[in-house]
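With positions in the sequence shown counted from 1, the corresponding number in my numbering is that position plus 4.
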Amino acid sequence: MGMRHQEANRLEVAPEIVVNDVKAHITYLDNEIKETRQRIRNHINNNPDLKQKKTLLESIPGIGEATIAVVLSEFSDVSQFKNAKCLAAYIGVAPKERLSGSSVRGRTMMSKTGRSQLRKAFFMPALVALRYNPILIEMKLRLTNSGKAKMAIVGAAMRKLVHLIYGVLKSGLPFDANYVTKNS
5 MGMRHQEANR LEVAPEIVVN DVKAHITYLD NEIKETRQRI RNHINNNPDL
55 KQKKTLLESI PGIGEATIAV VLSEFSDVSQ FKNAKCLAAY IGVAPKERLS
105 GSSVRGRTMM SKTGRSQLRK AFFMPALVAL RYNPILIEMK LRLTNSGKAK
155 MAIVGAAMRK LVHLIYGVLK SGLPFDANYV TKNS
């Protein structure tokens with residue numbers, strides 16, 4: 005997909021003599037992307053364990069097919085993580101406090117110590133979840149009222165999605181927005 009994006013940008017500035025070649029390459033890349041996505045879909049659907057985990061992940065508002073593929077390829081076995089905080093740290097969406105001695109306190113930021121590709125995979129789902137996931141909608145309102153910046157809220161949503169994914173995969177139960185109130 006990165007190569008396709010590069011070629012699309014190249015098409016905008018390409019001399020007339022190579023335009024047809026660039027278009028042909030874009031068509032080729034489009035076909036390869038389509039075939040690769042289909043192979044990923046088939047692999048997940050032909051593996052009973054991955055298919056069940058896919059069904060669980062689909063129950064979380066904001067998590068779509070592309071994110072499910074990333075999650076299942078990177079950390080479908082959440083038992084390798086002690087808890088959801090460890091998974092968030094692995095991805096790099098855990099908060100990091102900025103301190104210097106006892107007097108200097110910077111604002112808390114996302115640690116970004118994990119794999120950047122995983123963080124990128126959670127950015128758009130976080131934006132969608134902030135609009136459609138009832139838990140994240142409530143969190144957004146709470147953080148907005150406390151004066152948090154928009155990007156800080158998106159970072160918090162990314163982390164919350166990771167926690168929801170961990171909980172769903174660990175428990176084997178589909179997402180339930182009322183789970184907390186039922187079990188309080």
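We treat Cβ as the ideally placed atom computed from N, Cα and C, and that holds for glycine.
Which whole-angstrom value is the C-beta distance of residue i and residue j, which I expect to be below 8 Å?
{"i": "LEU147", "j": "ALA133", "result": "Contact doesn't hold; Cβ gap of about 14 Å is too wide."}
{"i": "THR207", "j": "ALA125", "result": "No answer is possible for residue 207: the residues shown for the chain start at 5 and end at 188."}
{"i": "VAL82", "j": "LYS174", "result": "5 Å"}
Note down, in chain order, each residue of its chain lying with its Cβ closer than 8 Å to the Cβ of residue i, except the 5 sequence neighbours on either side.
{"i": "ILE30", "result": "ARG8, GLU11, ALA12, LEU15"}
Would you identify the three-state DSSP class for residue i, choosing helix, strand or coil?
{"i": "MET143", "result": "helix"}
{"i": "ASP34", "result": "helix"}
{"i": "ASP81", "result": "coil"}
{"i": "GLY159", "result": "helix"}
{"i": "ASP25", "result": "helix"}
{"i": "PHE126", "result": "helix"}
{"i": "THR185", "result": "Confidence at THR185 is low in this model, with a pLDDT of 48, below 50, so the placement of that residue is unreliable and no value is reported for it."}
{"i": "ASN137", "result": "coil"}
{"i": "ILE44", "result": "helix"}
{"i": "SER150", "result": "coil"}
Please report the straight-line C-alpha distance between residue i and residue j, rounded to a whole angstrom.
{"i": "ASN49", "j": "PHE179", "result": "20 Å"}
{"i": "ARG123", "j": "LYS164", "result": "13 Å"}
{"i": "VAL172", "j": "LEU61", "result": "7 Å"}
{"i": "VAL26", "j": "ILE37", "result": "16 Å"}
{"i": "GLN84", "j": "MET5", "result": "30 Å"}
{"i": "ILE21", "j": "ALA28", "result": "13 Å"}
{"i": "MET155", "j": "LYS144", "result": "11 Å"}
{"i": "GLU142", "j": "LEU177", "result": "22 Å"}
Can you list, in chain order, the residues of its chain whose CB lies under 6 Å from that of residue i, leaving out five sequence neighbours each side?
{"i": "LEU54", "result": "ILE48, LEU76"}
{"i": "ALA88", "result": "HIS167, TYR170"}
{"i": "ALA92", "result": "ALA98, ARG163, VAL166"}
{"i": "THR185", "result": "At THR185 the pLDDT is 48, less than 50, meaning the model places this residue with poor confidence; the figure from the coordinates comes in the next sentence. Excluding residues within five positions, none has a Cβ falling inside 6 Å."}
{"i": "ASN137", "result": "PRO65, GLY66"}
Only counting the same chain, and skipping five residues up and downstream in sequence, which positions put a Cβ closer than 7 Å to that of residue i?
{"i": "GLU78", "result": "LEU122"}
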